[in-house]
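Here the protein sequences come in this chain order: P and L. By our numbering, the letter at position 15 of the first sequence is numbered 20, and the numbering carries on one by one without gaps. By our numbering, the letter at position 181 of the second sequence is numbered 1146, and the numbering carries on one by one without gaps. Think of the CB as a built atom: it goes at the ideal place given N, C-alpha and C, for glycine as much as any other residue. Below you'll find the structure, written out as structure tokens, and then a few comments.
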Amino acid sequence: MSVKRNKPIIELNKVTKSFGTFQALKGVDATIFEGEFFSLLGPSGCGKTTLLRMIAGFEEATSGTIVIGGKLMTGIPANKRPTNMVFQSYAIFPHLSVGDNVGYGLKTRKLPKAEIAAEVEKALKMVDLGGFSDRAAHELSGGQRQRVALARALVMRPKVILLDEPLSALDKKLRDQMQVELRNLQRSIGITFILVTHDQEEALIMSDRIAVMFEGEIAQLASPEELYRHPVSHRVASFIGVMNFLKATTTVADDQEITLNIPSLGTVSVPASYMPAGMDADTVKTIGIRPEMLTILFDDADKSTCRVEGTVTSTMYYGDMTYYSVKLSDHDDDVTISMRNTAGRSIVPAGGLVQVGWGVESIVLFK
Amino acid sequence: MSRVLKFISARWMVTYAVAYMIFLYAPVVLLPVFALNDATIIAFPLSGFTTNWFVVLWHTEALHGAIRNSLFVAVTAAILSTVLGSFAARASARYSFPAKRSIMGFIMLPLVLPEIIVAVALLVVMMRLGMSLSLWTVVAGHILICTPFAIAIMSSAFQGLDQSLEEASLDLGETRVGTFLRITLPLVMPGVISSLLICFTISLDEFIIAFFLTGTDVTLPVYIWSQLRFPTKLPSIMALGTILLVLSIGLLIIAEWFRRRASKKQGLEASPTGGFV
Ligand SMILES: Nc1ncnc2c1ncn2[C@@H]1O[C@H](COP(=O)(O)OP(=O)(O)OP(=O)(O)O)[C@@H](O)[C@H]1O
Ligand SMILES: [Mg+2]
């Protein structure tokens, strides 16, 4: 576990939220630690924004409690909470200059003018906007507005900064750049960040831990690596990246080993430790394997542990990668295999017969 | 065939538009013409240029009283309508409550009700309640007809206001009152000014309600109407009309300018028909 576990900063206890008869959150439990970069990841409408707004104090929980920094937040309004939010629309005050936007919160704290100006400039420098203080808000580009919104939150030195899809309005290149910058900034200042996103790649790149949400519930809460390698359900597995599912049944199981019969791959034995918590040998119905864990063997010298024959049904060339659809057997749908394109390696056309190599250690067990 | 039709219909449209404009604006143009004509009889040919009729206005005491009354009524009605209109617009833009549509429709009703009906109804009610007629009863009547306009203007001001701006302000530690003063008010200010000006203009030249509901203090339109009985006073009424015309147009232009500035401030394209001018 790469995350150093500090003190808890936010504790969510069985938090629910109903809008009329519709239940947007169905009992969320989570603990977020000091200095952590935490992401809420899930498809549209799963309740990410609702949860974030409840932490910020814009919505009251229907039941359950939210504790921030050891204090119960029930009934405490947004302006008295140690959190600051970066809005999806950035919510830059259009009638104020950049400096007045960033200094807005400090002014409510009645700090002396000179001190505010110094703090504002410091915050603007942090987001690479030094000297922008006198600009009008409407003169800014999308990326700059995003930075101003961030500076406006940073300058308050909150315990937690909440970000609701802060990068979704930016174009791809700028987004990639901002992901790295935001991550580095968070590392260097050590403030807890909670990021809402529906972009799994963004969550994987930036987060210490990710809570994957479906329909108002956390399906899995884990580090990016854990999440990618050991998703707990079909749904999580297919939401984070691509996963090939193959039918499987347990033939023999003991404390040490589980032997599986996988029609498309043959009979394999995996260590008993592969069994996810809450599952036993009899409940295994499928196994999962990532596209990059399968390889097309181009020369016979390649000594992969296991190999199986398949037929290429389609090929998609991406420049650096090639994605193959390969039929392994009649028992399963075609699997996707991703191959890095290296010098001198040819692309196998559809219809080609190939040897597919795979390793036992890349198998994930599912119900 | 269709091209011929198109040609004919285009020509008819132009003719229609020109006739319409003449019908609408010719009388208005005649107003300053006769106000500056050196004759007591309103007829062509014009006999000469004079500013005498404006001087006469300057010396008419009763007129000054009527202007003071009108200003009092118009300013009071404008302020109260704008305040009430802002509350209603804000409520309808932000919150959902039972029967919202019907309630809002009900408030907007005076916009389409014939003024004479409103005036008579109000008169009957006030008589029943035993209220004595005064400028305040006129103010009440004018608030009734001005509030729908204020609501319409303030609605567009509040709708253009991104709710997350107010949330951001709260989030940054500002109180609700502080948020209203530092964020909401400055951003809807152009709408407020526009609403004040429109309501002021509507109240200033409103006749029917003022006629029915006023006591001994007359407002300007009622005064003008009373003077029409004296033919010799006609040219000076024309002069007064000219002044009012210029004033009204001026106010409407300023109101529209504020409305457009509001839209621009919020980064929206001002729709040419979104306002009232
Ligand atoms: N004020 C509200 N009244 C009624 N329903 C609401 C309200 N706010 C949110 N919802 C509903 O709650 C659910 C969760 O909404 P939420 O905004 O949290 O989703 P989200 O995960 O942020 O989705 P997205 O990625 O699209 O932003 C949605 O089905 C939404 O329709
Ligand atoms: Mg959302």
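According to DSSP, residues forming a beta bridge with residue i
i, result
"P/D1", "Past the boundaries of the shown model lies residue 1 of chain P; chain P is included only from 6 to 372, so the question cannot be answered."
"P/Q360", "P/L302 and P/E314"
"P/F250", "P/G293"
"P/T320", "P/Y329"
"L/L996", "Answer by DSSP bridge pairing: none, since L/L996 is not bridged."
"P/F98", "Per DSSP, none; premise fails for P/F98."
"P/P276", "P/E262"
"P/S23", "P/Q28"
"P/S343", "P/Y328"
"P/I267", "P/G271"
"P/I15", "P/I37 and P/I73"
"L/N1034", "The partner list for L/N1034 (beta bridge, DSSP) is empty, contrary to what the question assumes."
"P/I223", "P/M218"
For residue j and residue i, believed in contact at Cβ under 8 Å, the rounded distance
i, j, result
"P/V369", "P/H235", "6 Å"
"P/L110", "P/R157", "A quick correction: the sequence has Gly, not Leu, at residue 110 of chain P. Going by Cβ atoms, the distance from P/G110 to P/R157 rounds to 7 Å, so yes, they are a contact pair."
"P/A253", "P/V289", "6 Å"
"P/P82", "P/K164", "Wrong, their Cβ atoms sit about 16 Å apart, outside the cutoff."
"P/G356", "P/T316", "7 Å"
"P/V125", "P/G136", "Contact doesn't hold; Cβ gap of about 11 Å is too wide."
"L/F1223", "L/S1159", "4 Å"
"L/I1173", "L/E1080", "5 Å"
"P/A142", "P/L101", "6 Å"
"L/I1072", "L/I1118", "L/I1072 to L/I1118, Cβ: 14 Å. No contact."
"P/I263", "P/A277", "6 Å"
"P/F198", "P/F42", "5 Å"
"P/L172", "P/E207", "7 Å"
"P/T79", "L/G1138", "The pair is not a contact, with the Cβ atoms about 19 Å apart (cut-off 8 Å)."
Any non-hydrogen atom of ligand 2 within 7 Å of residue i CB
i, result
"P/V201", "yes"
"P/D325", "no"
"P/D285", "no"
"L/D1182", "no"
"P/D169", "yes"
Proximity winner among the options, relative to residue i (alpha-carbon distances)
i, options, result
"L/L1210", "L/V998, L/L1130 and L/S1120", "L/V998"
"P/S238", "P/M218, P/T255 and P/T256", "P/M218"
"L/Q1128", "P/M298, P/V247, P/Y95 and P/V275", "P/Y95"
"P/N84", "L/L1150, L/G1143, L/F1223 and L/F1019", "L/G1143"
"L/K1198", "L/Y981, L/L1001, L/T980 and L/V1021", "L/V1021"
"P/L209", "P/E222, P/R188 and P/G195", "P/R188"
"L/L1216", "L/L1169, L/I1044 and L/L1162", "L/L1162"
"L/V1085", "L/L1028, L/A1175 and L/R1224", "L/A1175"
"L/V1157", "L/A1054, L/T1025, L/W1190 and L/P1196", "L/A1054"
"L/V1153", "L/P1113, L/F1019, L/Q1124 and L/T1041", "L/Q1124"
"P/L56", "P/L77, P/I37, P/V257 and P/A29", "P/A29"
"P/F27", "P/E220, P/G69 and P/N106", "P/E220"
"P/N18", "P/V72, P/A61, P/K12 and P/L46", "P/V72"
"P/V275", "P/C311, P/K53 and P/L226", "P/C311"
"P/V201", "P/Q225, P/M326, P/Q93 and P/G74", "P/Q93"
"P/M183", "P/H203, P/I194, P/L155 and P/M161", "P/L155"
"L/A1133", "P/L145, P/V257, P/G62 and P/S138", "P/G62"
"L/I1082", "L/G1095, L/Y981 and L/G1106", "L/G1106"
"P/I294", "P/E366, P/S319 and P/N346", "P/E366"
"L/F1037", "L/T980, L/T1102 and L/F1177", "L/T1102"
"P/D181", "P/G148, P/S49 and P/A286", "P/G148"
"L/L1193", "L/L1045, L/I1007, L/L1150 and L/P1075", "L/I1007"
"P/F303", "P/G195, P/M344, P/M211 and P/H336", "P/M344"
"L/V1077", "L/F1114, L/S1121 and L/C1164", "L/F1114"
"P/T256", "P/T272, P/V247, P/F244 and P/F250", "P/T272"
"L/L1169", "L/L1074, L/F1014 and L/L1212", "L/L1212"
"P/L167", "P/L77, P/N249 and P/L45", "P/L45"
Can you tell me which residues fall inside 5 Å of ligand 1, judged by beta-carbon distance to its nearest heavy atom, and keep chain order? P/F24, P/A29, P/S49, P/G50, P/C51, P/G52, P/K53, P/T54, P/T55 and P/H203
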